[in-house]
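> Going line by line, the protein sequences match chains A and B.
Reading the first sequence from the start, the letters are residues 1 to 407 in full-length UniProt numbering.
Reading the second sequence from the start, the letters are residues 1 to 407 in full-length UniProt numbering.
All residues carry an ideal CB built from backbone N, CA and C; glycine is no exception.
Protein chains: 2
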Amino acid sequence: MSSASFNVAEEARIYLGKISADLDRTVAFWLKNSHDDKNGGFFTCLTKDGKVYDTSKFGWLQGRQIWTYTQLYRRLERFRLPAILEAAIDGGKFLMEKLKDTKSHKVCFSANAQGEPTKIQRTLFAEVFYVMAMSGLAKVTNENIYKREALEMFKLIIHWAREDDSDLGRPKLPSTGNHQNLAVPMCILSLVHELDDLDIQESKLDMDEIRSWAVDRIKMHVQRQGTRILENVTQDGQEIDGFEGRKMVPGHAIECGWFLLKEAQKMQSHELTTLAIQTFIERPYEYGWDKNEEGFLYFVDVDDLPPTNLEWDMKLWWPHSEAMIAFLMAFNTAQNASHWERFKEVTDYAYEHFVDPDQGEWFGYLNRAGKVSSSAKGGPYKGCFHVPRALLICEEILTKIVNDHEE
Amino acid sequence: MSSASFNVAEEARIYLGKISADLDRTVAFWLKNSHDDKNGGFFTCLTKDGKVYDTSKFGWLQGRQIWTYTQLYRRLERFRLPAILEAAIDGGKFLMEKLKDTKSHKVCFSANAQGEPTKIQRTLFAEVFYVMAMSGLAKVTNENIYKREALEMFKLIIHWAREDDSDLGRPKLPSTGNHQNLAVPMCILSLVHELDDLDIQESKLDMDEIRSWAVDRIKMHVQRQGTRILENVTQDGQEIDGFEGRKMVPGHAIECGWFLLKEAQKMQSHELTTLAIQTFIERPYEYGWDKNEEGFLYFVDVDDLPPTNLEWDMKLWWPHSEAMIAFLMAFNTAQNASHWERFKEVTDYAYEHFVDPDQGEWFGYLNRAGKVSSSAKGGPYKGCFHVPRALLICEEILTKIVNDHEE
Numbered sequence: 001m002s003s004a005s006f007n008v009a010e011e012a013r014i015y016l017g018k019i020s021a022d023l024d025r026t027v028a029f030w031l032k033n034s035h036d037d038k039n040g041g042f043f044t045c046l047t048k049d050g051k052v053y054d055t056s057k058f059g060w061l062q063g064r065q066i067w068t069y070t071q072l073y074r075r076l077e078r079f080r081l082p083a084i085l086e087a088a089i090d091g092g093k094f095l096m097e098k099l100k101d102t103k104s105h106k107v108c109f110s111a112n113a114q115g116e117p118t119k120i121q122r123t124l125f126a127e128v129f130y131v132m133a134m135s136g137l138a139k140v141t142n143e144n145i146y147k148r149e150a151l152e153m154f155k156l157i158i159h160w161a162r163e164d165d166s167d168l169g170r171p172k173l174p175s176t177g178n179h180q181n182l183a184v185p186m187c188i189l190s191l192v193h194e195l196d197d198l199d200i201q202e203s204k205l206d207m208d209e210i211r212s213w214a215v216d217r218i219k220m221h222v223q224r225q226g227t228r229i230l231e232n233v234t235q236d237g238q239e240i241d242g243f244e245g246r247k248m249v250p251g252h253a254i255e256c257g258w259f260l261l262k263e264a265q266k267m268q269s270h271e272l273t274t275l276a277i278q279t280f281i282e283r284p285y286e287y288g289w290d291k292n293e294e295g296f297l298y299f300v301d302v303d304d305l306p307p308t309n310l311e312w313d314m315k316l317w318w319p320h321s322e323a324m325i326a327f328l329m330a331f332n333t334a335q336n337a338s339h340w341e342r343f344k345e346v347t348d349y350a351y352e353h354f355v356d357p358d359q360g361e362w363f364g365y366l367n368r369a370g371k372v373s374s375s376a377k378g379g380p381y382k383g384c385f386h387v388p389r390a391l392l393i394c395e396e397i398l399t400k401i402v403n404d405h406e407e
Numbered sequence: 001m002s003s004a005s006f007n008v009a010e011e012a013r014i015y016l017g018k019i020s021a022d023l024d025r026t027v028a029f030w031l032k033n034s035h036d037d038k039n040g041g042f043f044t045c046l047t048k049d050g051k052v053y054d055t056s057k058f059g060w061l062q063g064r065q066i067w068t069y070t071q072l073y074r075r076l077e078r079f080r081l082p083a084i085l086e087a088a089i090d091g092g093k094f095l096m097e098k099l100k101d102t103k104s105h106k107v108c109f110s111a112n113a114q115g116e117p118t119k120i121q122r123t124l125f126a127e128v129f130y131v132m133a134m135s136g137l138a139k140v141t142n143e144n145i146y147k148r149e150a151l152e153m154f155k156l157i158i159h160w161a162r163e164d165d166s167d168l169g170r171p172k173l174p175s176t177g178n179h180q181n182l183a184v185p186m187c188i189l190s191l192v193h194e195l196d197d198l199d200i201q202e203s204k205l206d207m208d209e210i211r212s213w214a215v216d217r218i219k220m221h222v223q224r225q226g227t228r229i230l231e232n233v234t235q236d237g238q239e240i241d242g243f244e245g246r247k248m249v250p251g252h253a254i255e256c257g258w259f260l261l262k263e264a265q266k267m268q269s270h271e272l273t274t275l276a277i278q279t280f281i282e283r284p285y286e287y288g289w290d291k292n293e294e295g296f297l298y299f300v301d302v303d304d305l306p307p308t309n310l311e312w313d314m315k316l317w318w319p320h321s322e323a324m325i326a327f328l329m330a331f332n333t334a335q336n337a338s339h340w341e342r343f344k345e346v347t348d349y350a351y352e353h354f355v356d357p358d359q360g361e362w363f364g365y366l367n368r369a370g371k372v373s374s375s376a377k378g379g380p381y382k383g384c385f386h387v388p389r390a391l392l393i394c395e396e397i398l399t400k401i402v403n404d405h406e407e
């Protein structure tokens, strides 16, 4: 255990207890409060105590919750419960039958309680979470329909991302056609990982080519002599003028960091491991962690010019849950004590500020000083996803650390 | 002067001095920093000191700055300067020739420095400010082309708002087709006022019918036994379920209040005067002013459920500049001392928190506690408009109060 020959195992046991209990509370929160037994699908606009404050259904969040349920069911013994499996299947039915347009195959961003669309985004993200949901269902049910749905939509996403996105409905403007957002190759890499353990030979997709395309595209966002991850660059990896070009989202870079680390392990690439840890995890912590008031800033301008997103200095839950995964995964890869320290720092901040020890699931939005600014547990962009995913992954890694030590 | 027989005239003189000096600084800020002499049009992404941090041109803000320049030129002797007139005309040329699409007549939301569109919104607001700009130019130049442009676009806006908005490009969804946002009738009422002193007989527009339509539509947003202004209602004035239906924007209601007060004066309607002052100005102050930390909240949920806009508790400049106009106009109408006190309270807050006494123009964005959270003076939504408009109108009313007293 070289440089990490301190009390990691003992500390890991404490964090494991904390995180497992939080995962239990969090799963209970969603099981109890979010199921719409009448119309199907999941409510995500939930107050601190789980009261529904808006009955809308959100396409991203339906897909994410289904996926989360399938992961809990597959990966942790104590969640292998018929109630969780059935809720995932029922959610899948609502998502497939109500939220996906049969003609365009677009999944709506939001719908009313009955599933009638109220907003359709001109992006591919609702569809990304559709693939995750369907792939997750394919794994827990072994039914072909889910695999077919996942693969059809995945092919469409690849088409939109790499060939022609006119069907997404955004008017073609010559001066922006050349922009690339980090979210797109990142989402595709995460879908490749999702499909990795599904038998998709029949699809004739060249997954090796797709994963290396995604990694190459992600690498284009490394700028300023390898020291900064910019959210938007040109399609050939050049910086873009103005605030969109200068935008950094530390939580996003760090999330991408653990996706890359997963890929590096799969490919057994030392070079990619180093890039993931140093450039996508350590660096964004350096420029994204608020030195004065702790917590990750949401947006940072690479030249310290004024960010235009009003919420730039707020502390959101997901950069923190993503950083917990990233630093723990980095520690588990390289056994570097500094990553363990960062994991503890971020986790301690989260447990002091975001976690609700009474009702489960985290608060989502703090002001810069760390005070809860919205008492909601869920909303149009926050559902059953980042928190349980992070707690699940951290529980797995911490369990391994504890067990390794005991052997 | 009945209940206002306190030291109003003396206080008015002090506020007049403060506000006139601020208007001078603010106009100087925009004249000095925002003109793009190379490509035409106005930069609005400006730092505290006026440095351009993004060269994009924004459709709303081009139109607003042109209009503001024409108002300054027309209404205040010391701004009747060739430089201001020429800048307005040059800006108008850029807006007409670059930002308006010749086929669809849509004005883009944003463009690059050269005027090549980068984003087109599926709303009618860029076009509203286009009409204001063209009408303003028609008044200061007497040239027919501007009047023609203003009227053609105004007719299109009326068509979109009242008959058919399919050309705006939003997909028709059965479950949202019936929603009405306060901004639409409010903008139309403000355009009616803008066109009031332009000879538009040739247009054959029935302006009396349009103004009464707009006022009726605005009244539909008065809900909860006349105590609350809701931002979104159905087309027949019913509440909408969920957070969009519960949304209140106090600054917006108050801005609408002084539009209605103007209309009431025009129509000599006592009933509309009362509605404007009590329901659109006094009430939104009561539920919108932050009792603990001062300043207007940006969004408030009518049932105190969690607002979903992350910036809900921030203090933005424009609700404060609008409230300065509204309370001063209310005072000038009814001579009620409480309105004078409110005018002073809001103005004092603004001068303690938003105003930059060194460089001119206000900061735009404070956190809940009143600390500047973005050091920019302008951006994609903040240009040369709310601040100079408010200072101009307040200067005019305060001058009248001071003069009336001296007579």
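Taking G192 (chain B) and R211 (chain B) to be in contact with their CB atoms under 8 Å, please state how far apart those CB atoms are, rounded to whole angstroms.
By one-based count along the second sequence, residue 192 (chain B) stands at place 192. By one-based count along the second sequence, residue 211 (chain B) stands at place 211. The sequence given here has Val at residue 192 (chain B), not Gly. Right, their Cβ atoms sit about 5 Å apart.
> For C108 (chain B), which residues from the same chain have a beta carbon less than 6 Å from its beta carbon, with the 5 sequence-adjacent residues on both sides left out?
Mapped onto the second sequence, residue 108 (chain B) falls at position 108. Within the same chain, C108 (chain B) has close Cβ partners G59, L99, P117, I120.
> Check for me: the alpha helix (DSSP H) holding D90 (chain A) runs from which residue to which?
Your numbering for residue 90 (chain A) matches position 90 in the first sequence. Membership of D90 (chain A) in the alpha helix (DSSP H) is indicated by the continuous run 82-94.
> Could you tell me whether any Cβ in chain B is nearer than 9 Å to the Cβ of S166 (chain A)?
The residue you call residue 166 (chain A) lines up with position 166 of the first sequence. So no, S166 (chain A) is outside the interface.
> How about F363 (chain A) and V346 (chain A): are their beta carbons less than 9 Å apart?
If you number the first sequence from 1, residue 363 (chain A) lands on position 363. If you number the first sequence from 1, residue 346 (chain A) lands on position 346. Taking 9 Å as the cut-off, the Cβ atoms of F363 (chain A) and V346 (chain A) do not count as close.
> How many angstroms separate the CA atom of A133 (chain B) from the CA atom of D90 (chain B)?
Working through the second sequence from its first residue, we reach residue 133 (chain B) at position 133. Working through the second sequence from its first residue, we reach residue 90 (chain B) at position 90. Using only the alpha carbons, I get a separation of about 12 Å.
> Taking only the alpha-carbon atoms, compute the straight-line gap between R80 (chain B) and G378 (chain B) and give it to the nearest angstrom.
Residue mapping note: residue 80 (chain B) aligns to position 80 of the second sequence, counting from 1. Residue mapping note: residue 378 (chain B) aligns to position 378 of the second sequence, counting from 1. In a straight line, the C-alpha of R80 (chain B) is about 24 Å away from that of G378 (chain B).
> From A:E322, A:S190, A:Q223, A:D313, pick the residue whose C-alpha is nearest to that of A264 (chain A); which is it?
As a working note, residue 264 (chain A) is residue 264 in the first sequence. With distances taken between Cα atoms, A264 (chain A) lies closest to A:S190.
> Does the separation of the CB atoms of Y203 (chain A) and L151 (chain A) fall below 9 Å?
As a first step, residue 203 (chain A) is located in the first sequence; it is residue number 203 there, counting from the start. As a first step, residue 151 (chain A) is located in the first sequence; it is residue number 151 there, counting from the start. According to the sequence shown, residue 203 (chain A) is Ser rather than Tyr. Yes, these two residues count as a Cβ contact at 9 Å.
> Output needed for E294 (chain A): all residues of its chain with C-beta closer than 6 Å, excluding positions within five of it in sequence on either side, in chain order.
On the first sequence, position 294 is the one that residue 294 (chain A) refers to. These residues qualify, in order along the chain: Y349.
> Would you mind sorting P135 (chain B) into buried or exposed? The rule is 16 or more other CB atoms within 10 Å of its CB.
In the second sequence, counting from the first residue as 1, residue 135 (chain B) sits at position 135. It is worth fixing the name first, because residue 135 (chain B) is Ser in this sequence and not Pro. Classification for S135 (chain B): buried.
> Do the CB positions of T44 (chain B) and G383 (chain B) come within less than 9 Å of each other?
Mapped onto the second sequence, residue 44 (chain B) falls at position 44. Mapped onto the second sequence, residue 383 (chain B) falls at position 383. Contact flag set, yes.
> What number of angstroms, rounded off, separates the C-alpha of V302 (chain A) from the C-alpha of A323 (chain A)?
Taking the first residue of the first sequence as position 1, residue 302 (chain A) is located at position 302. Taking the first residue of the first sequence as position 1, residue 323 (chain A) is located at position 323. So the two alpha carbons sit approximately 20 Å from each other.
> Going by DSSP, what residue range makes up the alpha helix (DSSP H) through T176 (chain A)?
Your numbering for residue 176 (chain A) matches position 176 in the first sequence. Neither: T176 (chain A) is in no alpha helix (DSSP H) and is coded neither H nor E.
> Shorter than 9 Å from the beta carbon of I281 (chain A) to some beta carbon of chain B?
Here residue 281 (chain A) is taken as the residue at index 281 of the first sequence, counted from 1. No, no contact with chain B.
> Which residues, taken in chain order from the stretch 367-390 of chain A, show a beta carbon closer than 7 Å to some beta carbon of chain B?
N367, R368, S373, S374, S375, A376, G379, P380
> Per DSSP, A111 (chain A) forms a beta bridge with which residues?
In the first sequence, the residue the question calls residue 111 (chain A) occupies position 111. A:K57, A:P117, per the DSSP bridge assignment.
> Using a threshold of 9 Å, state whether the C-beta atoms of T279 (chain B) and G257 (chain B) are closer than that.
Locating residue 279 (chain B) in the second sequence gives position 279, counting from the first residue. Locating residue 257 (chain B) in the second sequence gives position 257, counting from the first residue. Yes, they are a contact pair.
> Here's the rule I'm using: 16 or more other beta-carbon atoms within 10 Å means buried, otherwise exposed. How should I145 (chain A) be labelled?
Start at 1 with the first residue of the first sequence, and residue 145 (chain A) comes out as number 145. By the 10 Å Cβ count, I145 (chain A) comes out exposed.
> Can you look up D208 (chain B) in the DSSP assignment and give me helix, strand or coil?
The count along the second sequence starts at 1 and reaches residue 208 (chain B) at position 208. Three-state DSSP puts D208 (chain B) in a helix.
> At what residues does the alpha helix (DSSP H) containing T308 (chain B) begin and finish?
Here residue 308 (chain B) corresponds to residue number 308 of the second sequence, with the count starting at 1. T308 (chain B) -> no alpha helix (DSSP H), and no H or E assigned at all.
> List, in order along the chain, the chain A residues whose C-beta lies closer than 7 Å to that of W313 (chain B)?
Here residue 313 (chain B) is taken as the residue at index 313 of the second sequence, counted from 1. The question names Trp, but residue 313 (chain B) is Asp in the sequence shown. By Cβ distance, chain A contributes S373.
> Using the C-alpha atoms, what's the distance from F129 (chain A) back to W160 (chain A)?
For the purposes of this step, residue 160 (chain A) is taken as the residue at position 160 of the first sequence. For the purposes of this step, residue 129 (chain A) is taken as the residue at position 129 of the first sequence. Cα to Cα, the separation comes out at about 15 Å.
> Counting only C-beta atoms, is K119 (chain B) closer than 9 Å to chain A at any point?
For this step, residue 119 (chain B) is matched to residue 119 along the second sequence. So, interface residue.
> By the criterion of Cβ-Cβ separation under 7 Å, what are the contact partners of residue 481 (chain B) in chain A?
The question about residue 481 (chain B) has no answer, for chain B in this structure spans 1 to 407.
> Taking P185 (chain B) as the reference, give the member of B:V215, B:F343, B:M96 with the closest Cα.
As a first step, residue 185 (chain B) is located in the second sequence; it is residue number 185 there, counting from the start. Checked all of B:V215, B:F343, B:M96; the closest Cα to P185 (chain B) is B:V215.
> With H, G and I counted as helix, E and B as strand and the rest as coil, what does DSSP make of N144 (chain A)?
Here residue 144 (chain A) corresponds to residue number 144 of the first sequence, with the count starting at 1. Of the three classes helix, strand and coil, the one that applies to N144 (chain A) here is helix, per DSSP.
> Could you list which residues in chain A have their beta carbon closer than 7 Å to that of Y287 (chain B), in chain order?
Position 287 of the second sequence, counted from the start, is the residue given in the question as residue 287 (chain B). Those within 7 Å of Y287 (chain B) in chain A number zero; the least Cβ separation is about 18 Å.
> Counting only C-beta atoms, is Y146 (chain B) closer than 9 Å to chain A at any point?
Counted from its first residue, the second sequence places residue 146 (chain B) at position 146. False, the Cβ-Cβ gap to chain A never drops below 9 Å.
> Could one say the Cβ of P185 (chain B) lies closer than 9 Å to chain A's Cβ atoms, at least one of them?
As a first step, residue 185 (chain B) must be located in the second sequence, where it is residue number 185. No, P185 (chain B) does not count as interfacial toward chain A.
> Quick check: is the beta carbon of W30 (chain A) nearer than 9 Å to any beta carbon in chain B?
Position 30 of the first sequence, counted from the first residue, corresponds to residue 30 (chain A). W30 (chain A) does not count as touching chain B.
> 9 Å is my cut-off, CB to CB: does E352 (chain B) come that close to chain A?
In the second sequence, residue 352 (chain B) corresponds to position 352, counting from 1. Output row for E352 (chain B): interface = no.
> When you compare the CB positions of P284 (chain B) and A253 (chain B), do they come within less than 9 Å of one another, or not?
One-based indexing of the second sequence puts residue 284 (chain B) at position 284. One-based indexing of the second sequence puts residue 253 (chain B) at position 253. Yes, the pair counts as a contact, with Cβ atoms nearer than the cut-off.
> Determine the chain B residues that contact E116 (chain A) at a beta-carbon separation under 7 Å, and present them in chain order.
Counting from 1 along the first sequence, the entry for residue 116 (chain A) is found at position 116. Within chain B, the residues near E116 (chain A) are P174, S175.
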